[in-house]
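Undergrad: Please read through the structure below; I'll follow up with questions.
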Amino acid sequence: MPSSLSTDISQEEFRATLGRFTTGVVAVTALRERDSVPVGLAVNSFTSVSLAPALVLFCVSKGSTSWPQIRTADHFCINILGEHQQDLSSRLATRDTDKFRGVRWTATPGGAPVLDGAIGWLECSVETEYEAGDHDVIISRVHVLSSRDDGAPLVFYRGSYGRLAA
Ligand SMILES: Cc1cc2nc3c(=O)[nH]c(=O)nc-3n(C[C@H](O)[C@H](O)[C@H](O)COP(=O)(O)O)c2cc1C
Numbered sequence: 001m002p003s004s005l006s007t008d009i010s011q012e013e014f015r016a017t018l019g020r021f022t023t024g025v026v027a028v029t030a031l032r033e034r035d036s037v038p039v040g041l042a043v044n045s046f047t048s049v050s051l052a053p054a055l056v057l058f059c060v061s062k063g064s065t066s067w068p069q070i071r072t073a074d075h076f077c078i079n080i081l082g083e084h085q086q087d088l089s090s091r092l093a094t095r096d097t098d099k100f101r102g103v104r105w106t107a108t109p110g111g112a113p114v115l116d117g118a119i120g121w122l123e124c125s126v127e128t129e130y131e132a133g134d135h136d137v138i139i140s141r142v143h144v145l146s147s148r149d150d151g152a153p154l155v156f157y158r159g160s161y162g163r164l165a166a
């Protein structure tokens, strides 16, 4: 039985049902234009869009304080987080002013932070943005990308982190 047939969908119902859709977690990172300080946020609304041209998308809350700083950079990096990066994901999901304290990273060719331990990364720029309710849909063009053969993904399901069973 459906728990609700009403069009009045509560936030709890929405989260509960959408939470059954298992995702990975990415960290969207950049160097802030004005002072080259690293900025970033955790995102699970990430998916591929197009192969030619290479496009991906993610959705960002209009309330994000990090995204306005990321989108003005020439390039940003989408880091696919590994199973051992749960604490980093949680930190990137806060409003901490120093989310990168103690975080090791190297730069993409375009200068965006690749987080140590990420199992893959994509250097991107904003292609198109669409307003969608309380979020913006960010279509991103992929310029350079890389992945590791070792390492398992961080998984997000029903509001909690997990990992793939062997
Ligand atoms: C696993 C996980 C996935 C998330 N996915 C998204 C997302 O897809 N879009 C989004 O706007 N926020 C998402 N968030 C929340 C943001 O990471 C968080 O609200 C944001 O980073 C707040 O900090 P900011 O103001 O510095 O952007 C997610 C958080 C977690 C823990």
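Taking full-length UniProt numbering, I'd label the letters of the sequence shown as residues 1 to 166.
All residues carry an ideal CB built from backbone N, CA and C; glycine is no exception.
Any chance you could list the alpha helix (DSSP H) runs of at least 4 consecutive residues sitting entirely within the segment 82-129, in chain order?
TA: Those alpha helix (DSSP H) runs which fall completely within the segment 82-129 and span 4+ residues are 86-92.
Undergrad: Contact check, I78 vs F100 under 8 Å by CB: the rounded distance?
TA: Mapped onto the sequence shown, residue 78 falls at position 78. Mapped onto the sequence shown, residue 100 falls at position 100. Not a contact, Cβ separation roughly 16 Å.
Undergrad: Please classify A16 as buried or exposed, where buried requires at least 16 neighbouring CB atoms within 10 angstroms.
TA: As a position in the sequence shown, residue 16 is number 16, starting the count at 1. So A16 ends up on the exposed side.
Undergrad: Pairing CB atoms from the segment 53-64 with CB atoms from the segment 98-115, are three or more of them under 8 Å?
TA: Segments in contact, no.
Undergrad: Report the residue from T7, L18 and S89 whose alpha carbon sits nearest the alpha carbon of L81.
TA: As a working note, residue 81 is residue 81 in the sequence shown. Ranking the options by Cα distance to L81, first place goes to S89.
Undergrad: Please confirm whether any heavy atom of ligand 1 lies closer than 7 Å to the CB of L92.
TA: As a working mapping, residue 92 is identified with position 92 in the sequence shown. It does: the Cβ of L92 is within 7 Å (strictly closer) of some heavy atom of ligand 1.
Undergrad: DSSP three-state call for A16: helix, strand or coil?
TA: Translated into the one-based positions of the sequence shown, residue 16 becomes position 16. Correct three-state label for A16: helix.
Undergrad: Taking the beta strand (DSSP E) that I139 falls in, what are its first and last residues?
TA: Against the sequence shown, residue 139 aligns to sequence position 139. H135 to S147 is the extent of the beta strand (DSSP E) around I139.
Undergrad: What residues in its chain sit with their C-beta under 6 Å from that of L145, if we drop five residues either side in the sequence?
TA: Locating residue 145 in the sequence shown gives position 145, counting from the first residue. These residues qualify, in order along the chain: L122.
Undergrad: With DSSP as the reference, label I78 as helix, strand or coil.
TA: By one-based count along the sequence shown, residue 78 stands at place 78. Strand, per DSSP.
Undergrad: Measure the alpha-carbon distance for G159 versus G19 and round it to whole angstroms.
TA: Position 159 of the sequence shown holds residue 159. Position 19 of the sequence shown holds residue 19. Going from the Cα of G159 to the Cα of G19 covers about 6 Å.
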